[in-house]
Each structure stands twice: as C-alpha cells, then as structure tokens.
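In mature numbering (1 follows the signal peptide of the UniProt record, and there is no 0), the protein residues as written are -21 to -1, 1 to 896. Ideal Cβ positions, reconstructed from N, Cα and C, are used throughout, including at glycine. For clarity, every value in this text was computed on a predicted model and none was experimentally measured.
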C-alpha cells in the first residue's frame, strides 16, 4: 500500500492524469523541439545541394552511387545511393562520407535486403539521368540542383527536393569552450544544437546536431494518408495552422482527438491516391520525426521542360495541378527513402509488405471476441466471468489479465493469494475452448529478490544512462529498469523468459500482451526515456527510440514460438509499434475514452494503420476510460464486430461492464453483435490468409476497392471488410437516419439483413434502430459463413459452411474460402489447408481448389447456399460433385429476389457444380 501511495503521489506530481484529457504541456511542440524548429524554418530560395554525375559508379546491377555536394559547405560530402527494386520501387540512401561519428541505419525492420532489378538507365544530358522500370514507372534524377522526380503511367506523381528543403545536418566538432565555432559557422551556436532542456529534463546532446529535413511532394494528388499513429483524420489535414504530425512513440493517457500529437506507435510511411494511381513514400528512420502537410496548387510553367508533359488530366488552362507538399524532419539517422510507384492500391500493399513483411495468418481464436479488464481480481472472478458468458450464451474466446495478476508488478509471476492455481485456471478455460492472455510490460521492478531483475542486473542487461550506469526510472512497480533489446544476447534472454520453465504457471493455453512499451517512464521527459540514454552499440535513444517497443514484442513472439518448438502460432498484442511490427503482433489504439467521438475516430485511426501495413488492429470496445452508457456500448460492439481485432477493455476505476450488466435487451443486442462476428469468421480468416500472401489488409478504405470513385477519397465514416462488406458504424447517440454512400459505378449493394438493394454511386438515407448498424454485401462477391452457434471459435473448426452469393448486374459473383486447423504452422510446413474458389456465372455455381497439392482433413460441408439478386424462381436445382448428383430443396422469395438452397450436401474439400435451370 505504501508503494502504491508513493506511485500515485509521483503521478500527481508529474501532472499525469488518468481521468482528464491529456495535459499537452507534458509533451513537446515543434517550437520546443530544437531540431524541428530549425528544420521547419529552413526555406531557402534555392537548394545548395548538387549531384556530381561524373562520380557515378555502378556498384552492381540495380545500384548506382553518386557524390552529393553542399555548395555552401564544400567540406561536407554526402553519398547518394540509388537502388532500383522489384515491384516498381526505388530506394534512395543519403549518408555522410567519412563522418565524425557513424550515423545510425535502422536494422530488423526489413524482412531481407530488397531484391534489386536492372532497369534501363540513360543520361539525357549532363544534368540528368533517367531510369525506366517498364511501361508503368520511371524516374529522373536532376543533378543541378539536386531533385528527384517519379512517374507512374507517364503521369508525374512524386518529386523530392522540388521545394529546396533538403537540409542535412552533418556531425561536427563541438564549438570551443570560449564560444568560438569549431567550423567557423555561426549557425553552430544556435540554441538547442548542443544541449536542450524541456521542463526539468536536460538533454546533453553529446554528439551535437544531426537532423535531416526533406520535402517529398505528391503531384496530381489532393489526398495523402498514413504516418500513424495519430487520433486524426484519415485523409491527412494541412498543418499550416498547427504543429506538424509527430512520430515519436509516447504513452499518452486518454488522448485528445483531431490533433497531430504523437501517440504510441510510429510508421514513417505515407500514401497518396487519386483516380489514376496510388503511390507511397517510406522513410526508414527510427528517430523522432515531424511531418508538415500542405495542400497546394503547382504551376507547371516553372518546371523543367523534360517533365512538363507528364501531368495527367488535372492540368488546366492556368497550368495548375493539385499538389500535396510534405516536409519530413527527423532528428538523426540517414535518409533511407523508399518510393513505391503502384500503380494500383493492391500494388502498393504488395510493394510495402515485400519490404517490411505481411501479417501472418493469426490463430483463428485470436480474430474472435476477447474479454479484458484492468483487472479481473482473482481466480473466482475469472471463473465468474467465464460462467457469465455461459449463462447468457454469449460466445467468447479469450479472457485477459492485466498487471494486478502479478506479484507486485513483477512480470512472469503470479499473485499467489489471488491466483494460487494459474495452470488449473487456464486448463479450466480450455475445457470451454477458450484461451487466457496475461500482460508483460518492459519495465523490470528493481528488487534483488525478483529473479528476473537479479539475473538481468548481474549480466548487465539494462539500458544505460549517459554516464554508463544502469538507467533507472519509475513505472507501475515503482523504481524500475529496462532491458536493452538491441543487444542480441539480451533479446534472446528475454525471449527465453516465456518458456514454461521460466514462466511458472503458464501453459500452452496462455498468450501475451506487451503494454507500456513506448517505453513509458513516469518520471522521464515526455513520460519516456531521455534522448541521451545509451543502447547496445553505443546508439543513443534519440537514434533508435521508435524501435524499442517493436523489439520487445518481436522477442515475445520468438519466445512463444520457441516454447512450442515452432509448431503453434503465437499471439501478441502490442501498444507500441514501428514498421514491421505486423510480422509478430496485433496492435490496438491505446487508451481511448467512453465517448461517442472516440468511437467515431476509431475508424480513421484503424484505416491509417491498415494502409500502412498493420492489418491486425482494433480499438478498445466501450472506451478504456470512463463509463459508457448502454447505447454507446451497444453501438461500439456493433462496430467492432466488423473490425479486425475485437476486444472489450476498461480502466480499473470504471464500473464493471461485462455484456450482461446493462439489462436484458442490451444483453441481447450485444450477444447479437458478437454472434454476427462469429458467423463471419470464415470470411475474416480467408481475408487474413490473403493478407499474408498478398499484403492486402482485411479492413480497407473504400478507394482501395473503388480506386476511380472520387467520392470515396476522403471517406472515413465507413469502410470495407475485404471486397465484400461495406460497414457504416453508427457513431452518434440520438439519430434514426444515416446518410450512406454506396461506391462504384454500376455496382449493386445488398443489406445483409433484409437483402434490400442499393445502387452504386448513389447516397441513400438509411433508417437505423438499435438492432444493428448498416452493413451491405457488394454484388459480385461470395462470402462464406458459419451459422451454427458455438461458445468459442475453435469448437466450430469442422462446422458446415453457408455461402452467401450476392450477384452483380451481370448475375455473376466470385469468392474464396480458406480453412486450416486454426492454430499450428501445418498450413506452411505440411501444406495442410483448403483454399477454394467459388464462381457463379451462366446460372452455375462452381467450387474449385486453388491449390490441388494442399490437403486438410475436415468434416465441413456446404450446409446452405443463399443467392441474392437472382431474378426468378428456378424450375430445377441440381448439384454435381464427382460422380454424385443431388437435387436439393430450394425456396425463392420474389420480393427480395433471394434463392435459398438447403442442405446441398457437398464436402468443402471437393469440386462441385450447382446448376440452376
């Protein structure tokens, strides 16, 4: 109790609130960040940087190297490396030649060194070189001044340094103690270059200034997306009157919405989309970053004659085209930029995930419903919650335990007075087909009696202060230390803490939640590490900060994988993330609030994550802070049931909110929403498999499926699940109508409850009540479902399948079904899966295998086929499967044009044809 009071006193002293909006004074603005301040005001009329084309070297096929000169500082020599990559991608690296100190280059993010391809390189004159990938993509490197222009489908799409903002702060010697500049540059004495103070925290900056700024501009575009994580619009807003968007992983309690403040994760990746192309830019940099966004008009008269003809259809009589100007500023590292030239949304998803990796197919149970709280008190409480789901016949797959389950916030331990038999508790849940997830934060309690701490201390495994001592700060346990995951030895040691021998009381039914891993340090500057703490290799936190949380959850993944000898798919949830986190963890949006505005902002936040590679995502149902009323809670369940990660979670000071605590009618509505999630699990699982194979996330903006529909480019109140479902969450309390836009010319949309039809490219006023939210299946798609009710997903692994065939205007449709055992790697190692394609055309529905070598034993069969939009009642329905023929029972509803075929009978594993006549 004394420790708890001490911690609360510290939190109050630091003005960190758990029950009020975030105090922005605890976090820097751009003006309070010296490097951001310097870079943002850097706006020269001309750029001093020039490429020396005579220095060009061909290092290998696909890799050219140049000298890049600063004409104002002739002693500063940079090296420009240009790599032409597969999938219409270009990589550009800029680094110092012979620097005073080596600059950090990010590791562990790319899945491997990108594959180079040889492209046609020509020198158009002494001032330019041109590279052409194929008929789709090309680039021009201009030497004097330095500038890079990129083209997709012969349309000018991106330009680098066209606003002259490239500004590379080279490492230099510190000015002499008498104040004389070491390099005779007055600017070297600018405030904040060699030391900086924020509130009471001093940053020693022992290596001086090292920031890089550059402008990357998107021509012919009016909308850009990405650079999560921010609680802001999906189509990024202009920062003309605000701070830039910030990328710096921070623990923000109950974050504000509609502002560019940094949150828990950082992905320095931005996409642009218009009706002609989708393109992207990714800067591989783990330091603190700021990004300005501005919507402009570009006058093409001022451009080089070699590129003025490449402007697509948006150029007008005033020679103006739309342009989104972005100014990227990072505190340290190198420029390591990747340019993706599409041209389609699916191409962009593939290009990015080819570099950083795709989300592997998660365990089936992990995409079902999760029940969490800070905290379920003890084993009796867990048992009671589980019994509550049984009593009220509500499916659930996972029950979670937060920090109070441990022995005094010592992770990998249990409070034995409350959880005396953790293994039995987990085994009891397993009887119901359910899992348990426990939390494991990165802070290690400073306690010589705590084995994890004592062992790590004796080995020297903790992050170091600038003086070489172990860094010590405050978090939930009180005085704490942090492991240095950048050291491969420490990373491996930490992953081994998850073995059954080391994590006593854990079982194969237990999985992990990594929270507070930004890292959160209650008494640190901006509630995190000081910039000058030192990691393995001598790298300062300023160089690597945004990687820390990712390394923790990667090590956790490796530990769970190793404990099963590589057989069982791990599940980890992380709050902090970076590019590549999708390979090993799901992500949630952190400490949201039980407010309608937070329900509404969840969609743009999740879409921003989704298009930047993080596909297994969700927001806490009901809001983490405060107490939702019944209406808000029901609406949140209805929305989250159609988002990739589905978990209810709440703060320790909130009232209990299990689904049955809000009256019988609301219990029914919540049950209905959760059951709807379970019925669509075959569809979700197929989409997650598609994501692993092709990089296409399950949750998509409308423009990803309808790239030429300009009405969708700013849409953030609705989204799509795959290419099949249009979801419109109800995010206001007292409304009985919503305005829904149905995308796509000549498309038809079907209400999934009533099968009412709506036309594409039209907006309709839809009546809503508390029974559901508006959800529509797109004509031309076939969606697999499981309609039998089960208490947990793994109990339905061999249940029969229903196919919902929604016909398009041509009375055609197609879809897929992927099945495996739901939890092991046999689908990779033994080819144990089923992947089927269904097509409806010319009054025939066919099922064929997409991989004839794959084999998975299952009793699953086709229990029902629902064909929506079929124009008449057929006189005969016949199904042929091998040498078997059957005439199943069918019924037809004239008003809704729905044909239902009951018990057609074929096994999911077989080829078959259904014929209507």
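So, under 8 Å CB-CB, residue i and residue j are touching, yes? Tell me the CB distance rounded to an integer number of Å.
{"i": "residue 847", "j": "residue 729", "result": "5 Å"}
{"i": "residue 17", "j": "residue 186", "result": "Actually they do not touch by this definition, with Cβ atoms about 16 Å apart."}
{"i": "residue 107", "j": "residue 95", "result": "Incorrect: roughly 22 Å between the Cβ atoms, too far for contact."}
{"i": "residue 701", "j": "residue 667", "result": "Contact doesn't hold; Cβ gap of about 10 Å is too wide."}
{"i": "residue 260", "j": "residue 318", "result": "6 Å"}
{"i": "residue 671", "j": "residue 340", "result": "5 Å"}
{"i": "residue 26", "j": "residue 202", "result": "The Cβ separation is near 27 Å, so there is no contact."}
{"i": "residue 561", "j": "residue 594", "result": "6 Å"}
{"i": "residue 146", "j": "residue 331", "result": "Contact doesn't hold; Cβ gap of about 27 Å is too wide."}
{"i": "residue 92", "j": "residue 198", "result": "Contact flag wrong, Cβ pair sits at about 30 Å."}
{"i": "residue 411", "j": "residue 770", "result": "6 Å"}
{"i": "residue 421", "j": "residue 495", "result": "7 Å"}
{"i": "residue 851", "j": "residue 710", "result": "About 40 Å; that fails the 8 Å criterion."}
Within a Cβ cutoff of 6 Å, which residues of the same chain sit near residue i, ignoring the five residues on either side of it in sequence?
{"i": "residue 78", "result": "150"}
{"i": "residue 884", "result": "865"}
{"i": "residue 39", "result": "none"}
{"i": "residue 520", "result": "508, 510, 512"}
{"i": "residue 588", "result": "207, 596"}
{"i": "residue 311", "result": "189, 266, 521, 522"}
{"i": "residue 857", "result": "866, 894"}
{"i": "residue 352", "result": "629"}
What does a CB cutoff of less than 7 Å around residue i pick up in its chain, not counting 5 residues either side in sequence?
{"i": "residue 523", "result": "83, 265, 465, 514"}
{"i": "residue 292", "result": "Reliability fails at residue 292, whose pLDDT of 49 lies under 50, so the model's placement of it is uncertain and the value that follows must be treated cautiously. Excluding sequence neighbours, residue 292 sits near nothing in its chain."}
{"i": "residue 482", "result": "391, 476"}
{"i": "residue 441", "result": "435, 449, 450, 460, 461, 462, 463"}
{"i": "residue 336", "result": "90, 559, 561, 562"}
{"i": "residue 631", "result": "353, 354"}
Would you kindly check if the distance between the Cβ of residue j and the Cβ of residue i is under 7 Å?
{"i": "residue 377", "j": "residue 418", "result": "no"}
{"i": "residue 324", "j": "residue 683", "result": "yes"}
{"i": "residue 217", "j": "residue 273", "result": "yes"}
{"i": "residue 320", "j": "residue 258", "result": "yes"}
{"i": "residue 507", "j": "residue 229", "result": "yes"}
{"i": "residue 798", "j": "residue 813", "result": "yes"}
{"i": "residue 590", "j": "residue 250", "result": "yes"}
{"i": "residue 542", "j": "residue 478", "result": "yes"}
{"i": "residue 450", "j": "residue 444", "result": "yes"}
{"i": "residue 210", "j": "residue 234", "result": "yes"}
{"i": "residue 764", "j": "residue 781", "result": "yes"}
{"i": "residue 532", "j": "residue 493", "result": "yes"}
{"i": "residue 269", "j": "residue 9", "result": "yes"}
{"i": "residue 708", "j": "residue 685", "result": "no"}
{"i": "residue 322", "j": "residue 101", "result": "no"}
{"i": "residue 358", "j": "residue 486", "result": "no"}
{"i": "residue 568", "j": "residue 598", "result": "yes"}
{"i": "residue 624", "j": "residue 570", "result": "no"}
{"i": "residue 328", "j": "residue 71", "result": "no"}
{"i": "residue 276", "j": "residue 299", "result": "yes"}
Can you give me the Cβ contacts of residue i inside the same chain, cut-off strictly under 8 Å, excluding the 5 residues immediately before and after it?
{"i": "residue 768", "result": "372, 374, 654, 657"}
{"i": "residue 810", "result": "830, 832, 833, 834"}
{"i": "residue 214", "result": "202, 203, 204, 692, 693, 695"}
{"i": "residue 882", "result": "842, 843, 867, 868"}
Hey, is residue i's beta-carbon within less than 7 Å of any beta-carbon in chain D?
{"i": "residue 487", "result": "Considering every chain present, this structure includes no chain D. It has just one protein chain."}
Measuring only from the beta carbon, is residue i closer than 6 Å to any heavy atom that is part of the ligand SAH?
{"i": "residue 752", "result": "Here there are no bound small molecules, and the ligand SAH is not part of this structure."}
Next on the checklist: If we require 3 or more residues per run, which beta strand (DSSP E) segments fall completely within the segment 580 to 663?
Outcome noted: 625 to 627
Item to check | Stretch pair the segment 295 to 307 + the segment 193 to 200: three plus CB contacts closer than 8 Å | outcome: yes
Item to check | Sufficient close CB pairs (3 or more, under 8 Å) joining the segment 821 to 834 to the segment 364 to 377 | outcome: no
Item to check | Meets three-Cβ-pair contact criterion under 8 Å: the segment 734 to 742 and the segment 628 to 648 | outcome: With a cut-off of 8 Å, the segment 628 to 648 and the segment 734 to 742 do not count as touching, because too few Cβ pairs lie within range.
Checklist entry - Counting pairs of Cβ atoms below 8 Å between the segment 556 to 574 and the segment 599 to 615, do you hit three or more? => result Yes, since at least three Cβ pairs between the segment 556 to 574 and the segment 599 to 615 fall closer than 8 Å, the two stretches touch.
Checklist entry - Any chance the segment 6 to 20 sits against the segment 98 to 115, with 3 or more Cβ pairs inside 8 Å? => result no
Item to check | Whole beta strand (DSSP E) elements within the segment 330 to 394, 3-residue minimum | outcome: 348 to 350, 377 to 380
Checklist entry - Is there contact between the segment 19 to 31 and the segment 42 to 56, where contact requires at least three CB pairs shorter than 8 Å? => result yes
Next on the checklist: For the structure I just gave you, are there three or more beta carbon pairs, one from the segment 718 to 729 and one from the segment 753 to 761, closer than 8 Å?
Outcome noted: A contact exists between the segment 718 to 729 and the segment 753 to 761.
Item to check | Ordered list of beta strand (DSSP E) runs contained in the segment 505 to 571, each at least 3 residues | outcome: 551 to 553, 565 to 567
Checklist entry - What runs of the beta strand (DSSP E), each 3 residues or longer, lie entirely inside the segment 667 to 715? => result 698 to 700, 704 to 706
Next on the checklist: To test your reading of the DSSP string, which unbroken beta strand (DSSP E) runs of 3 or more residues are found completely within the segment 58 to 121?
Outcome noted: If we require 3 residues or more, the beta strand (DSSP E) runs fully inside the segment 58 to 121 come out as 68 to 75, 99 to 104, 107 to 111, 116 to 121.
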